[in-house]
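Working notes, structure below.
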Amino acid sequence: MLKDITIGQYFPGRSAVHSLDPRFKIIITGVFIGMLFAADGFAALAVGLVFLAMSFIMSKIPFRLMLKSLKPIVPIIIFTSVLNIFFLDGAPLVKFGFIKITAEGLRTSAFMVIRIIALIMGSSLLTYTTSPITLTDAIERLLSPLKKINLPVHELAMMMTIALRFIPTLIEETDKIISAQKARGADMESGNILQRAKALTPILIPLFVSAFRRAEELAVAMECRCYQGGDGRTRLRQLRSEGKDYFALGVSIVFLDIVIMLNCIFG
Amino acid sequence: MDEKIISAQNVDFHYEADPEDKTPPKQVLKNVSLDIGRGQFTAILGHNGSGKSTIAKHMNGILLPCGGKVYVDGIDTCDEKKIFDVRQRVGMVFQNPDNQIVATIVEEDVAFALENLGVPPDEMRERVDDALRSVGMYEYREHSPHQLSGGQKQRVAIAGIIAMRPDCIVLDEPTAMLDPKGRQEVLKTIRELNHDFGITAVLITHYMEEAAQADRIIVMDNGEIIMDDIPKNVFSNVEKMKSIGLDVPQVTELMYLLGRDGIPSDTHIISEEECADALEKLLKG
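Going down the list, the protein sequences come from chains A and B. The numbering of the first sequence is this note's numbering, which starts it at 655 and goes up by one. The numbering of the second sequence is this note's numbering, which starts it at -8 and goes up by one.
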């Protein structure tokens, strides 16, 4: 049951988007987010959407997968649109007692909804086309200048790698513990929310104990393999930036410029 | 080059005592001395709590002796400056394969030790591929470890050690959590590494059939070495083995029981083929 959870939601493939240098992908995603927030009007926003659609088509990610990524944010979308529709001042279009709907309200709410959806789709595209481990690698390298101000960049990346590595292991373990507790008569499916939360204790405690034991063993195994922190470390996988990476970044910056220009024209 | 890759001299060890507890800490190792020769395949047998894992952890400086010395290729394991030289020479594989794999991709995990040692990427590629081939996991290099079986994971863990090109590999009950098929795979890998690549192997186990394949068996009980001999001689002491809670291979036990019933038989037999021959001879009279 727990095995169905996919984390990192990587969708393996060999498309042009997949093969971009992950560092560039992260920066381009940043530029894209910049486009969305810089956009003042629908025309500027449309430019951002064109950019999203282009990357999306090139990535060959199935459309239903993209819609799936939106599922968790449906409540947020509804909440924002309701707030914007009802609580924005302006000339009312319809009025029932204290509730009024204004043209500005409708407009802003549509704008916000499109912006949020595009934001989520854009960042999902990054995680769909980049494996978690490559992503971690890229983050480590992008942040490496921050080592100078004593930010433990390597350690953070190592923590992420280990967390990713142990997610399936711990999920499997949780499944086993749940079955074991059920076999001993634990009741996890009935009662009110408080009782159910209490029923989790006999699952969480063994899970924590075992996680600590695993951590201890892993630490010894890492020491056996001469782990001594990030200094003097080399990497098996080298990240190489090529012409196409610079080209893609260039295109995204051009789009950002267009967005800013449109803002000046219509703003 | 030293002929002895590992040399432990009068090693005493106990864990830190709890300051609240007034009783003296329990001695885990008592005056243990042993030498491991280059290229040897040694098995260490012992009951739970006999100190067999503790002595293994002394072999690459994970634990340091409270008394006595441990030398690896002539280097004192207490020398902090040389601890990585020691660990590079003596690699260690543990019981649970899940808890020693660091990366989310097989080949990256095998590369972990090399990344730590600062090996240049080109050479690293070559060493990772060689290590994966030598344990027969090359086809799985791009898999994620959790897709593999227990035996395969343990072979990946072994490859991660082999990639360091150690002189010696210490395996602390590497087959304890595996199914019979995985156990066979792992043992075959260990034998091949020892035989074909000349890597010294120290196998800690409680499976007698595994120990029987070694060149030498060390039996530990209560923190002391009580037997140190070739497998045939160790297992022929059936009663002594049983008195410390250990078993002997089934064929040796059969020979022992026959002997007890007055049928002339040889308890030096440890393999099925030898046993079959001996029985045939007996039956033909």
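By construction, the Cβ of each residue, glycine as well, lies at the ideal position given by its N, Cα and C atoms.
Just how far apart, CA to CA, sit residue i and residue j?
i, j, result
"B:Y247", "B:T191", "32 Å"
"A:E827", "A:Y664", "23 Å"
"A:I715", "A:P666", "9 Å"
"A:S906", "A:I919", "20 Å"
"A:E843", "A:L861", "19 Å"
"A:F733", "A:F710", "27 Å"
"B:V239", "B:I35", "14 Å"
"B:Q175", "B:E215", "29 Å"
"B:V2", "B:D67", "13 Å"
"A:Y900", "A:L916", "24 Å"
"A:Y881", "B:A104", "7 Å"
"B:Y62", "B:D158", "14 Å"
"A:A745", "A:G759", "10 Å"
"A:F765", "A:M814", "35 Å"
"A:P726", "A:I774", "10 Å"
"B:V210", "B:T243", "17 Å"
"B:N22", "B:G58", "8 Å"
"A:M655", "A:K830", "Any reading at A:M655 needs caution, since the residue's pLDDT is 42, under 50, leaving its predicted position unreliable; the model's value is listed next. Cα to Cα, A:M655 sits roughly 11 Å from A:K830."
"B:P136", "A:T783", "21 Å"
"A:L779", "A:V748", "39 Å"
"B:Q79", "B:G28", "17 Å"
So residue i and residue j are supposed to be a Cβ contact under 8 Å. How far apart are they, rounded?
i, j, result
"A:L824", "A:A865", "7 Å"
"B:V161", "B:N51", "7 Å"
"A:S669", "A:S723", "Contact doesn't hold; Cβ gap of about 17 Å is too wide."
"B:D252", "B:A269", "Contact flag wrong, Cβ pair sits at about 15 Å."
"A:L872", "B:Q91", "7 Å"
"B:Q86", "B:D163", "6 Å"
"A:Q835", "B:P112", "In fact, because the Cβ distance is near 47 Å, the residues do not count as touching under 8 Å."
Is residue i buried or exposed, if buried means 16 or more other CB atoms sit within 10 Å of its CB?
i, result
"A:G886", "exposed"
"A:M812", "buried"
"A:E794", "buried"
"A:D658", "With a pLDDT of 44 at A:D658, under the threshold of 50, the modelled position of this residue cannot be trusted; read the value that follows with caution. Burial call: exposed."
"A:N846", "exposed"
"A:G691", "The question names Gly, yet the displayed sequence has Phe at residue 691 of chain A. Exposed."
"B:K172", "exposed"
"B:Q241", "exposed"
"B:F188", "exposed"
"A:I661", "Note that A:I661 scores a pLDDT of 48, beneath 50, so its modelled location is shaky; the value from the coordinates is reported in the next line. With fewer than 16 other Cβ atoms within 10 Å, it is exposed."
"B:N185", "buried"
"A:T673", "The residue you asked about is not Thr; residue 673 of chain A is Ser in the sequence shown. A:S673 should be labelled exposed."
"B:N107", "buried"
"B:K6", "Looking at the sequence shown, residue 6 of chain B is not Lys but Tyr. Counting Cβ neighbours within 10 Å, B:Y6 comes out exposed, since fewer than 16 surround it."
"A:G883", "exposed"
Please state the DSSP three-state secondary structure of residue i.
i, result
"A:Q892", "coil"
"B:R207", "strand"
"A:M655", "Confidence in A:M655 is poor, its pLDDT being 42 and thus under 50, which makes the residue's placement unreliable; the coordinate value appears in the next sentence. Coil, per DSSP."
"B:Q18", "strand"
"A:V807", "helix"
"B:P165", "coil"
"B:S24", "strand"
"B:S256", "coil"
"A:I753", "strand"
"B:N1", "strand"
"A:I661", "With a pLDDT of 48 at A:I661, under the threshold of 50, the predicted position of this residue should be treated as unreliable, though the coordinate-derived value follows. Coil at A:I661, not helix or strand."
"A:F717", "helix"
"A:I731", "helix"
"B:K13", "coil"
"B:V225", "helix"
"A:T683", "helix"
"B:V63", "strand"
"B:G82", "strand"
"B:M155", "coil"
"B:G142", "helix"
"B:I149", "helix"
"B:P56", "coil"
"A:L848", "helix"
"B:L194", "strand"
What are the boundary residues of the alpha helix (DSSP H) that residue i is part of?
i, result
"B:D120", "112 to 125"
"B:G189", "Taken as a continuous stretch (DSSP letters only), B:G189 belongs to no alpha helix (DSSP H), as it is neither H nor E."
"B:K48", "43 to 49"
"A:D911", "897 to 920"
"A:E791", "Per the sequence shown, the amino acid found at residue 791 of chain A is Asp instead of Glu. First-last of the alpha helix (DSSP H) with A:D791: 786 to 797."
"B:Q241", "241 to 251"
"B:D268", "263 to 275"
In terms of residues, what are the limits of the beta strand (DSSP E) holding residue i?
i, result
"B:T33", "32 to 37"
"A:M876", "Where A:M876 is concerned, there is no enclosing beta strand (DSSP E), although the alpha helix (DSSP H) it sits in stretches over 855 to 878."
"B:M218", "215 to 220"
Confirm the yes/no value for this check: CB of residue i, any heavy atom of the ligand NAD, distance under 6 Å.
i, result
"A:E870", "Inclusion of the ligand NAD in the displayed structure is not the case, the ligand content being empty and no account of it being possible."
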